[in-house]
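The next block holds one structure in the form of structure tokens; read it before the comments.
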Amino acid sequence: MPVDIFNSLDQYTEQIKNRIAASAAAVCVIKDNEIIHEWYSGNHHFHSGARKVDASSQFNVYSTRVTYVGLAAAIAINDGAIQNLDDPISKYLSIYNNDILGNTTLRHLVTRTTGLQFQGNGGVVRKFEEGTSFEGKKPEILATIIKNATGKTVAEIINERVLKPLGLTRTEWRTEGKETLVCDINDPNSYPTLRLESNEGSDRNLYITARELALWGNLHLNKGAIKGKQILPKEIFQSVSSIMTPNTLPVHLPRLGYFWWIQDKNVSNSEIGPDLPEGTYQIFGASGCSCTVIPNHKAVVVRMTNSLWTFGGKNGFDYIADIQRFGNLVEQALNEYSIVHR
29 MPVDIFNSLD QYTEQIKNRI AASAAAVCVI KDNEIIHEWY SGNHHFHSGA RKVDASSQFN
89 VYSTRVTYVG LAAAIAINDG AIQNLDDPIS KYLSIYNNDI LGNTTLRHLV TRTTGLQFQG
149 NGGVVRKFEE GTSFEGKKPE ILATIIKNAT GKTVAEIINE RVLKPLGLTR TEWRTEGKET
209 LVCDINDPNS YPTLRLESNE GSDRNLYITA RELALWGNLH LNKGAIKGKQ ILPKEIFQSV
269 SSIMTPNTLP VHLPRLGYFW WIQDKNVSNS EIGPDLPEGT YQIFGASGCS CTVIPNHKAV
329 VVRMTNSLWT FGGKNGFDYI ADIQRFGNLV EQALNEYSIV HR
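The sequence shown maps to residues 29 to 370 in this note's numbering.
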């Protein structure tokens, strides 16, 4: 097995790890339902006694978690608890002003086009007309809708319908620390931290191993079928990984499924590497973690790091250029792998 084909991903990730002052990094590649490459580097933090990174290390994946919220919403729709993606969100959010929510739907919510700014104590402000511009994620609002519609939290749905059937035990919304959790590096000169919050499934405390995040992507790639068993209807995965963005959005703005970024060559500011083929979908988190699903190659590639020091352009780091560059290297490596295995 020519593992060295994927060394370019490891080497680049190591460079980025050093550049962003991360202490930990990992890469995992699944091809044709097999893990064909794994790489681990560093320690859980920079201080004395830190645990070495290995296959059991769980990284906080931050915004990557929103795809779990998205899948829970798709399950709720498939089950009939939510009628469809074009249901108005006002139907499920009684505490907000319906006149301001207006015609905003779940479609706008999962594609980040609501135009709304939610505030504490039921406050909401409209910033732009729904479906006309792009905004930050609102997984906590979708999680509230899911709970109001189903009576269950996102974590309960995902644990019951996905994690337990697949035997995934290292995907956890953590409320307390444990040895396998990788710390966040907020600044190279500060103490490392863990983000411990609610276990309901929408907070920024989802800790996962590189392998289990890759298996999450592979579940989507296989449209819910694993080892010949269909754990969820394939229609659910077809919807979450297809473009759901309303056609009112200007063509140069990102196209999303259920929070997944979908490759579209017309988009000028995508997080997805431009060399990756149409049909690729990806999610990316603040700590540098990403999951890229490439149906053309029947492959999933995961990258993990643990730094918050440079996200959002802090300290002169272009995080969009970084993840695009990584995606282009993924495409190059998979093309080389395909040539070797013709």
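We put the CB at the ideal spot given by N, CA and C, even for glycine.
### Query
Less than 7 Å between the CB of Gly301 and some heavy atom of the ligand FAD, yes or no?
No copy of the ligand FAD appears in this structure; indeed no ligand is present at all.
### Query
Just checking my contact of Gly321 with Gly245 at CB under 8 Å: how many whole Å lie between their CB atoms?
Sequence index remark: in the sequence shown, residue 321 carries index 293 (1-based). Sequence index remark: in the sequence shown, residue 245 carries index 217 (1-based). The sequence given here places Val at residue 321; Gly does not occur at that position. That belief holds up - the Cβ atoms of Val321 and Gly245 are roughly 5 Å apart, short of 8 Å.
### Query
Of the choices Phe162, Ala50, Ile110, whose alpha-carbon is the least far from that of Thr276?
What you label residue 276 is simply residue 248 of the sequence shown in a count that begins at 1. When each option's Cα is compared against that of Thr276, the closest is Phe162.
### Query
Leaving out the 5 sequence neighbours to the left and right, which residues in its chain are closer than 6 Å to Pro30 when beta-carbon positions are compared?
The sequence position of residue 30 within the sequence shown is 2, counting from 1. Here the model assigns Pro30 a pLDDT of 47, short of 50, so the residue's position is not dependable, and the following value carries that caveat. So the qualifying residues of the chain are Val368.
#### Entry: CA nearest to the CA of Lys45, picked from Tyr235, His73, Ile64
By 1-based counting over the sequence shown, the position of residue 45 is 17. For the residues Tyr235, His73, Ile64, the minimum Cα distance to Lys45 belongs to His73.
#### Entry: Coarse secondary structure for Met29, derived from DSSP in three states
Within the sequence shown, the letter at position 1 stands for residue 29. The pLDDT assigned to Met29 is 45, lower than 50, so where the model puts this residue is not dependable, and the model offers no usable value.
### Under the three-state DSSP convention, the category Leu357 falls into
Reading the sequence shown from its first residue, position 329 is the one you call residue 357. Leu357 falls in the helix class under three-state DSSP.
### Task
Out of Ala54, Tyr40, Lys59, point me to the one whose CA is closest to Leu247's CA.
Along the sequence shown, one-based indexing puts residue 247 at 219. Nearest of Ala54, Tyr40, Lys59 to Leu247, Cα basis: Lys59.
### Query
For His75, is the classification buried or exposed, using 16 other Cβ atoms within 10 angstroms of its Cβ as the cut-off for buried?
Translated into positions along the sequence shown, residue 75 becomes position 47. Result: exposed.
### Task
Leaving out five residues on either side along the sequence, give the residues of the same chain with a beta carbon under 7 Å from the beta carbon of Leu209.
As a position in the sequence shown, residue 209 is number 181, starting the count at 1. Gln86, Arg202, Leu222, Tyr235, listed in sequence order.
#### Entry: Inter-residue spacing [alpha-carbon to alpha-carbon] between Asp346 and Gly340
Position 318 of the sequence shown holds residue 346. Position 312 of the sequence shown holds residue 340. Going by the C-alpha atoms only, they are around 8 Å apart.
### Task
Just tell me which of Glu157, Lys262, Gln147 has its CA closest to the CA of Glu168.
Against the sequence shown, residue 168 aligns to sequence position 140. With distances taken between Cα atoms, Glu168 lies closest to Gln147.
### Message
Closer than 8 Å is the cut-off here; do at least three beta carbon pairs connect the region 295–315 with the region 342–362?
### Response
yes
#### Entry: Bounding residues of the alpha helix (DSSP H) (the contiguous stretch that carries Arg47)
As a position in the sequence shown, residue 47 is number 19, starting the count at 1. Taken as a continuous stretch (DSSP letters only), the alpha helix (DSSP H) holding Arg47 covers 35–47.
### Message
By the three-class DSSP mapping on this structure, what secondary structure does Lys80 have?
### Response
For this step, residue 80 is matched to residue 52 along the sequence shown. Three-state DSSP puts Lys80 in a strand.
### Query
Excluding the five sequence neighbours on either side, which residues of its own chain have a C-beta within less than 6 Å of the C-beta of Leu362, listed in chain order?
In the sequence shown, residue 362 corresponds to position 334, counting from 1. His325, Ala327, listed in sequence order.
### Message
Could you tell me which whole alpha helix (DSSP H) segments of length 4 or greater appear in the region 149–178?
### Response
167–178
### Message
Going by C-alpha to C-alpha distance, which of Pro193, Thr181, Ala54 sits closest to Lys255?
### Response
What you label residue 255 is simply residue 227 of the sequence shown in a count that begins at 1. It is Pro193.
### Message
Using a 10 Å radius around the Cβ and a threshold of 16 neighbouring Cβ atoms, would you call Ser296 buried or exposed?
### Response
The sequence position of residue 296 within the sequence shown is 268, counting from 1. Answer is exposed; the Cβ neighbour count stays below 16.
#### Entry: Inter-residue CB distance, Asn126 and Ser118 (contact presumed, cutoff 8 Å)
Sequence index remark: in the sequence shown, residue 126 carries index 98 (1-based). Sequence index remark: in the sequence shown, residue 118 carries index 90 (1-based). Confirmed, about 5 Å.
### Query
Looking only at DSSP bridge pairs, what is Val57 linked to?
In the sequence shown, residue 57 corresponds to position 29, counting from 1. Val57 is bridged to His65, Val329.
### Message
Looking at the strands, I want to know which residues DSSP matches up with Leu209.
### Response
The residue given as residue 209 occupies position 181 in the sequence shown. According to DSSP, Leu209 bridges with Gln86.
### Query
How big is the Cα-Cα spacing for Val330 and Asn149?
As a working note, residue 330 is residue 302 in the sequence shown. As a working note, residue 149 is residue 121 in the sequence shown. Whole-angstrom Cα-Cα distance: 38 Å.
### Task
Answer yes or no: do Ala53 and Thr41 have a C-beta to C-beta separation smaller than 8 Å?
On the sequence shown, position 25 is the one that residue 53 refers to. On the sequence shown, position 13 is the one that residue 41 refers to. Against a cut-off of 8 Å, the Cβ pair of Thr41 and Ala53 comes out as a contact.
### Query
Which word fits Pro419, buried or exposed, when buried means at least 16 other C-beta atoms lie within 10 angstroms of its C-beta?
Because the chain is modelled from 29 through 370, residue 419 falls outside the range shown and cannot be assessed.
### Task
Let me know the secondary structure DSSP gives Thr133 once reduced to three states.
Your numbering for residue 133 matches position 105 in the sequence shown. Strand.
### Query
Going along the chain, which unbroken runs of the beta strand (DSSP E) with 3 or more residues stay wholly within the region 213–245?
234–236
### Query
Using CA coordinates, which residue listed in Leu99, Arg47, Ser36, Trp337 is at the minimum distance from Pro220?
The sequence position of residue 220 within the sequence shown is 192, counting from 1. Looking at the Cα atoms, Trp337 is the closest of the given residues.
### Message
In the DSSP output, which residue or residues are listed as bridge partners for Glu200?
### Response
By one-based count along the sequence shown, residue 200 stands at place 172. In DSSP, Glu200 forms a bridge with Tyr235.
### Query
Measuring CA to CA, which of Gly195, Leu191, Ile123 is closest to Thr172?
Position 144 of the sequence shown, counting from 1, holds the residue named residue 172. Residue Ile123 is the option with its Cα nearest to Thr172.
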